[in-house]
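So the structure is just underneath, and the comments pick up after that.
Protein chains: 2
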Amino acid sequence: MSGASARSPSALDVSDMLCFAIYSAGHAFNRVYKPLLEKLDLTYPQFLVMVALWNEDDRTVGSLGEALLLESSTLTPLLKRLETMGLLTRRRDPADERQVRVRLTAAGKALKARTRDIPGCIIDASGLSVDTLRRLQADIVKLRENLLKASG
Amino acid sequence: MSGASARSPSALDVSDMLCFAIYSAGHAFNRVYKPLLEKLDLTYPQFLVMVALWNEDDRTVGSLGEALLLESSTLTPLLKRLETMGLLTRRRDPADERQVRVRLTAAGKALKARTRDIPGCIIDASGLSVDTLRRLQADIVKLRENLLKASG
DNA sequence: CCTAATTAAATCGTGCACGATATAATCGTG
DNA sequence: CACGATTATATCGTGCACGATTTAATTAGG
Chain A
1 MSGASARSPS
11 ALDVSDMLCF
21 AIYSAGHAFN
31 RVYKPLLEKL
41 DLTYPQFLVM
51 VALWNEDDRT
61 VGSLGEALLL
71 ESSTLTPLLK
81 RLETMGLLTR
91 RRDPADERQV
101 RVRLTAAGKA
111 LKARTRDIPG
121 CIIDASGLSV
131 DTLRRLQADI
141 VKLRENLLKA
151 SG
Chain B
1 MSGASARSPS
11 ALDVSDMLCF
21 AIYSAGHAFN
31 RVYKPLLEKL
41 DLTYPQFLVM
51 VALWNEDDRT
61 VGSLGEALLL
71 ESSTLTPLLK
81 RLETMGLLTR
91 RRDPADERQV
101 RVRLTAAGKA
111 LKARTRDIPG
121 CIIDASGLSV
131 DTLRRLQADI
141 VKLRENLLKA
151 SG
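Residue numbers (UniProt numbering), protein chains in the order written: chain A, 1 to 152; chain B, 1 to 152.
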């Protein structure tokens, strides 16, 4: 048999690769979120932007990008869609016209109430205890920090 | 202060969400892989397809989709690009013309030699011990299985 | 057989995601 | 205060990713 079945730490087989586990777990999360978010007419990345704004409103595009680790080339069209839906407004900051300030509308704020049961649904779908989830989350954040450090 | 800072298990704040940790860790992995894969002229999903084929050649599109948890609508254009690059061939199976068999070319097989130091680079970039990585991988695979079960 | 149902890929439309580049405003230095 | 450098966002091009639909081949039932 080939070396792949030896399951060495650096095995080059998708089923053994942590990066693939994370890549595919991301897709799996998306599949769980999709029916829940469709009721709100949001995609998952749009939902993340809304969560960020519910926790801190009136932010610049850059501040959102820092929180979500996304570039303006990703956020700008996404924010325009949310603006078209009437969930937020985008306006140049008069004090510094380079910046665009993103603010929730009343509808955007109101939408939060309709997300109350989502965390519970996700926890249920994960099939893991809250303690396990918390530990896993901390480990992955640590991993992410190391990876970002390594990639400059 | 808002409820978010209480860090309750179902806290609706991106920095507390496991799904976001995984989503952003996926992006972080991509950033580490990018310079390594650019030398091979591969994207990360293309690399995953090649890894799958290095471990088992002469597969159908469906078999690749099952291994990588991707749909034919994702794989077909991706495989066409790899075919254009001369790394693989796509041919209808004469025994069942519904299926398309994907086979590595000599160039595709040869490319594997140029990936030898990638696993080591990734392990280094992760900043974690091989044991920790292995445990994390197993936990995330379990999580993924639960999520896929829950999403039908 | 021969048609209905099933299966396998491909196609299409929408929405991320990012690097490279462009545009415009602000800052820093002399 | 002028002008080069920096900063913030937007634009463009490429490549996933998926659901819905389409096309074509195989299988099953009568």
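The C-beta atom is built at its ideal place from N, Cα and C for all residues, glycine as well.
Output needed in chain order: residues of the segment 96-110 of chain A with a Cβ under 9 Å from some Cβ in chain B. Result list empty, no residue passes.
Helix, strand or coil for Tyr96 (chain A) per DSSP? Note that residue 96 (chain A) corresponds to Asp in the displayed sequence, not to Tyr. In the three-state DSSP reduction, Asp96 (chain A) falls in the strand class (E or B).
Identify the residues that DSSP records as bridge partners of Val102 (chain A): which are they? DSSP lists A:Arg59, A:Arg90 as partners of Val102 (chain A).
Would you give the residue range spanned by the alpha helix (DSSP H) that Asp139 (chain A) belongs to? In the DSSP assignment, Asp139 (chain A) falls within the unbroken alpha helix (DSSP H) covering 130-150.
Could you list which residues in chain B have their beta carbon closer than 7 Å to that of Thr115 (chain A), in chain order? Result: Leu12.
Against chain B, with Cβ distances strictly below 9 Å, would Val61 (chain A) count as a contact? The C-beta of Val61 (chain A) comes no closer than 9 Å to any C-beta of chain B.
Under 9 Å, Cβ to Cβ, is there at least one residue of chain B near Lys142 (chain A)? With 9 Å as the cut-off, Lys142 (chain A) counts as an interface residue toward chain B.
Backbone secondary structure at Thr115 (chain A) - three-state DSSP: Helix at Thr115 (chain A).
Cutoff 8 Å; reference Ala138 (chain B); Cβ partners in own chain excluding five residues on either side: No residues qualify anywhere along the chain.
Contact set between Ser24 (chain A) and chain B, taken where Cβ atoms lie within less than 8 Å: Result: Leu68, Leu69, Arg144.
Going by C-alpha distance, which of A:Ile122, A:Ala125, A:Val32, A:Lys149 is nearest Leu128 (chain B)? Of the candidates A:Ile122, A:Ala125, A:Val32, A:Lys149, A:Lys149 places its Cα closest to the Cα of Leu128 (chain B).
Straight-line Cα distance separating Leu40 (chain B) from Val100 (chain B): Rounded to whole angstroms, Val100 (chain B) and Leu40 (chain B) show a C-alpha spacing of 25 Å.
Using a Cβ-Cβ cut-off of 9 Å, state whether Gln137 (chain A) counts as contacting chain B. Yes, Gln137 (chain A) counts as interfacial toward chain B.
Kindly indicate which three-state DSSP category Leu79 (chain B) falls into: helix, strand or coil? When DSSP states are grouped into helix, strand and coil, Leu79 (chain B) belongs to the helix group.
Positions along the segment 119-136 of chain A whose CB lies within less than 8 Å of some CB in chain B: Of all residues in the segment 119-136 of chain A, Pro119, Gly120, Ile122, Ile123, Asp124, Ala125, Ser126, Gly127, Leu128, Val130, Thr132, Leu133, Arg134, Leu136 have a Cβ within less than 8 Å of some Cβ in chain B.
Would you mind working out which of A:Ala25, A:Ser15, A:Ala21 sits nearest Ser151 (chain B), comparing C-alpha positions? Nearest Cα to Ser151 (chain B) within the set A:Ala25, A:Ser15, A:Ala21: A:Ala25.
Based on Cα-Cα distance, which residue from B:Ser73, B:Gly65, B:Lys112, B:Glu71 lies nearest to Leu87 (chain B)? If you compare the alpha carbons of B:Ser73, B:Gly65, B:Lys112, B:Glu71 with that of Leu87 (chain B), the shortest gap goes to B:Lys112.
Reduced DSSP category for Gly127 (chain A) - H, G, I as helix; E, B as strand; rest coil: The answer is coil: DSSP assigns Gly127 (chain A) none of H, G, I, E or B.
Count the other CB atoms within 10 Å of the CB of Ser126 (chain A); is the residue buried (16 or more) or exposed (fewer)? Buried, because 16 or more other Cβ atoms sit within 10 Å of the Cβ of Ser126 (chain A).
How many angstroms separate the CA atom of Ser73 (chain B) from the CA atom of His27 (chain B)? Distance between the alpha carbons of Ser73 (chain B) and His27 (chain B) is about 22 Å.
Counting only beta-carbon separations shorter than 9 Å, does Lys39 (chain A) have a partner in chain B? Lys39 (chain A) does not count as touching chain B.
From the beta carbon of Asp16 (chain B), is the nearest beta carbon of chain A less than 9 Å away? Output row for Asp16 (chain B): interface = yes.
Three-way DSSP call (helix, strand, coil) for residue 153 (chain A) in this model: Absent from the model: residue 153 (chain A). The displayed extent of chain A is 1 to 152, so no value can be given.
Cβ-based burial, Ala95 (chain B) [other Cβ within 10 Å; buried from 16]: Exposed: under 16 other Cβ atoms inside 10 Å.
Consult DSSP for Lys39 (chain A) and reduce its assignment to one of helix, strand or coil. DSSP places Lys39 (chain A) in coil when its eight states are reduced to three.
Euclidean distance between Cα positions of residue 159 (chain A) and Met50 (chain A): Any property of residue 159 (chain A) remains undetermined from this structure, which presents chain A solely from 1 to 152.
Where Leu36 (chain B) meets chain A, residues with beta-carbon distance less than 7 Å: Per Cβ cutoff of 7 Å: no residues; Leu36 (chain B) is ~10 Å from chain A at best.
Measuring CA to CA, which of A:Asn55, A:Leu70, A:Met17 is closest to Tyr23 (chain B)? That would be A:Leu70, whose Cα lies nearest to the Cα of Tyr23 (chain B).
Confirm, please, whether the CB-CB distance from Arg103 (chain B) to Thr89 (chain B) is below 9 Å. Yes.
Nearest-angstrom Cα distance between Val32 (chain B) and Ile140 (chain A)? When rounded, the distance between both Cα atoms is 15 Å.
Please classify Leu12 (chain B): does DSSP put it in a helix, a strand, or coil? Coil.
Run through DSSP, which three-state label would Met85 (chain B) get? Residue state, collapsed to three classes: coil.
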